[in-house]
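A quick write-up on the structure given underneath.
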Amino acid sequence: MPDVWSQYSQKVMEHFKNPRNVGEIENPDGVGHVGNPVCGDIMELYIKVNNGNIVDAKFKTFGCGAAIATSSMVTEMVKGKSIKEALKISNRAVAEALDGLPPVKMHCSVLAEEALKYAIEDYLNKSRNKAKRQPRKKQTQYGCGKSDE
Amino acid sequence: MRRTYLDHAATTPTRPEVVKAMLPFFTDAFGNPSSVYSYGQEARGAIEEARTKVAGLIGAGSEEIIFTGGGTEADNLAIKGVAHANEHRGNHIITTSIEHHAVTEVCKSLERRGFTVTYLPVDKYGLVAADDVRKAITGKTVLISIMHANNEIGTIEPVEEIGRIAREAGVYFHSDAVQTVGHIPVNVDKFKVDLLSISAHKLYGPKGVGALYVRKGTKLVPLIHGGEQEKRRRAGTENVPGIVGLGKAVELAGQDMNREAERLAALRDKLTEGLRERIDHTHLNGHPKRRLPNNVNVSIDFVEGESMLLNLDLEGICASTGSACSSASLEPSHVLLALGLSPEQAHGSLRFTLGRENTEADVERVLTVLPGIVAKLRAMSPLSKTQK
Chain A
170 MPDVWSQYSQ KVMEHFKNPR NVGEIENPDG VGHVGNPVCG DIMELYIKVN NGNIVDAKFK
230 TFGCGAAIAT SSMVTEMVKG KSIKEALKIS NRAVAEALDG LPPVKMHCSV LAEEALKYAI
290 EDYLNKSRNK AKRQPRKKQT QYGCGKSDE
Chain B
1013 MRRTYLDHAA TTPTRPEVVK AMLPFFTDAF GNPSSVYSYG QEARGAIEEA RTKVAGLIGA
1073 GSEEIIFTGG GTEADNLAIK GVAHANEHRG NHIITTSIEH HAVTEVCKSL ERRGFTVTYL
1133 PVDKYGLVAA DDVRKAITGK TVLISIMHAN NEIGTIEPVE EIGRIAREAG VYFHSDAVQT
1193 VGHIPVNVDK FKVDLLSISA HKLYGPKGVG ALYVRKGTKL VPLIHGGEQE KRRRAGTENV
1253 PGIVGLGKAV ELAGQDMNRE AERLAALRDK LTEGLRERID HTHLNGHPKR RLPNNVNVSI
1313 DFVEGESMLL NLDLEGICAS TGSACSSASL EPSHVLLALG LSPEQAHGSL RFTLGRENTE
1373 ADVERVLTVL PGIVAKLRAM SPLSKTQK
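Line by line, the protein sequences are chains A and B.
Convert by adding 169 to the 1-based position in the first sequence; the result is the number in this note's numbering.
Convert by adding 1012 to the 1-based position in the second sequence; the result is the number in this note's numbering.
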């Protein structure tokens, strides 16, 4: 296993050691819940939206070093972005912002992208329905280890 | 930073005395043991001396030891060798669901070639029931392969009972003993095993060398053809320095095995108790008593193994996990799942395996560092709130 994290970039290690935006948002406008305990990764992403802009984002993650680093990075990336801009954030963009991920860890960036997409979808549903709804839970459809790479 | 190595089940450092014993066989005594001149015979003599030492530690005859390229090759030779040599008698093999991949994958490859394999379950401590072995034997069973002690959870299997059952049924019995030889007593007659795998680098010897004990009269088809070496059971010029190293490592292990096992067991219990006291929701995996003297395996709820290992590594502590976040499959340890652990708990496992150079200070260091790491990771875990 050490050979895997010697492949972790300095940026991944930096976000792993000092993750940004850990925690939950009280009364969030959107929550994305993704992952699968069998694969060992579970991610929760919370967003606060004001005038169509994401003003705050926080996460809670159970997972490996890359899962924690991608969660941290995606929350950094969405803050201050409009919903439209945030929807364009891809898993590749998250991985690139971390100076890359080892190939076997690319699925972590997919989780981060999905968590964000579901949080935004949750927000859009809520604002459409006005009434408060339970955050939508989503188990990833693909098997462990698969990614779009 | 001082490095605290607690992964001796993965590999051990080669002891300086072992390296010293090996060195002449790279240079001055480089001869091919198959050559008739004195250079060759010097090397031949060294191999035979090593063979006697290995045989001596496990109560075997020296002619019953075949040197191999390691524990994995020994497992392959034992299982494929017996299976193929006895195809006329039957095509059924019995093993367990917690074997090392060096056994499991060999069995799977035989299944693809028409063999049938029974993978026996284990209880929550990782123990296989001898009675299950008895019940699984059919008229077509040719081999039982059950490890002496499990590499992940340290549980010691009832090999003596299984050996008796195998002997009565006239079925060959192989045991992978790479985690036990040189660490706790192993005796091939007491265990009634017909084949037993040994690895040098698990007992402070070099990597790339091991041995297979093969009881006299056991039919075996070789894996490697191409020479007369090892009585035609393992062709190829012998790894003389490696074999000498294995011999020396075995000799040294035999000198203080019981004393060292006692010392390590005390450290093991201190570490286990300390972890349970200082980190809530910590569970010991494996048998509380019937376990290797150096093995601590715990599941720490709500946190994932690799992130713990990564944090421990930043503190200079080397350990291991049954989480497989970096392997291609990502599925957690088959051993932990066989015990009935949930995937989350299997992913939250940590293994510490102690060794000769470890002291109480190393145990103290883990107990000082780990609670903080777990607290930090739990603070960011979505599982903490839902299950606490």
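All C-beta atoms in this analysis are idealised placements derived from N, C-alpha and C, irrespective of residue type, glycine included.
It should be emphasised that the depicted structure is a prediction, and the values quoted were computed from it without experimental measurement.
Cβ-based burial, residue i [other Cβ within 10 Å; buried from 16]
i       : result
B/H1213 : buried
B/E1085 : buried
B/V1048 : exposed
B/V1221 : buried
B/G1082 : buried
B/R1015 : exposed
B/P1045 : buried
B/Q1357 : buried
A/D317  : With a pLDDT of only 38 at A/D317, under 50, the local geometry of the prediction cannot be trusted, and the value read off the model is given with reservation. A/D317 comes out exposed.
A/N187  : exposed
B/A1055 : buried
B/H1113 : exposed
B/Q1053 : exposed
B/S1121 : exposed
B/M1013 : exposed
B/H1100 : exposed
Short Cβ contact (8 Å threshold) for residue i with residue j
i       : j       : result
B/G1367 : B/H1020 : yes
B/G1259 : B/G1248 : no
A/G201  : A/D291  : yes
A/F231  : B/S1211 : no
B/I1059 : B/V1262 : no
B/A1331 : B/L1342 : no
B/V1193 : B/L1089 : no
B/E1172 : B/A1161 : no
B/G1360 : B/D1313 : yes
B/G1126 : B/V1233 : no
A/C277  : A/T239  : yes
A/V279  : A/A235  : no
B/T1026 : B/P1300 : no
B/T1108 : B/I1158 : yes
Cross-chain neighbours of residue i in chain B, by beta carbon under 7 Å
i      : result
A/G234 : E1318, S1319 and L1322
Below-8 Å beta-carbon distance, residue i vs any chain B residue
i      : result
A/P188 : yes
A/E183 : no
A/I194 : no
A/Q179 : no
A/V203 : no
A/V191 : yes
A/Q310 : Reliability of the predicted coordinates at A/Q310 is poor, the pLDDT of 44 falling under 50, and the value obtained from them is presented with this limitation in mind. False, the Cβ-Cβ gap to chain B never drops below 8 Å.
A/I237 : yes
Proximal chain A residues relative to residue i, where beta-carbon distance stays under 8 Å
i       : result
B/L1395 : I211 and F231
Partner residues on chain A for residue i, Cβ-Cβ distance less than 7 Å
i       : result
B/A1335 : The sequence given here has Ser at residue 1335 of chain B, not Ala. Those within 7 Å of B/S1335 in chain A are G209.
B/H1359 : G209
B/E1327 : Within 7 Å Cβ-Cβ: nothing; B/E1327 doesn't reach chain A, min ~12 Å.
As assigned by DSSP and simplified to three states, the class of residue i
i       : result
B/V1308 : strand
B/L1362 : strand
A/G199  : strand
B/F1038 : coil
B/E1060 : helix
B/L1349 : helix
B/C1330 : strand
B/I1077 : strand
A/E265  : helix
B/R1303 : strand
B/G1222 : strand
B/F1203 : helix
B/V1262 : helix
A/K217  : strand
Short CB-CB distance (under 8 Å) between residue i and chain A
i       : result
B/A1391 : yes
B/F1079 : no
B/F1127 : no
B/P1355 : yes
B/H1020 : no
Contact set between residue i and chain A, taken where Cβ atoms lie within less than 9 Å
i       : result
B/F1314 : F231
Near the ligand FMN: residue i beta-carbon under 7 Å from a heavy atom
i       : result
B/G1071 : As for the ligand FMN, it is missing from this structure, which has no ligand bound.
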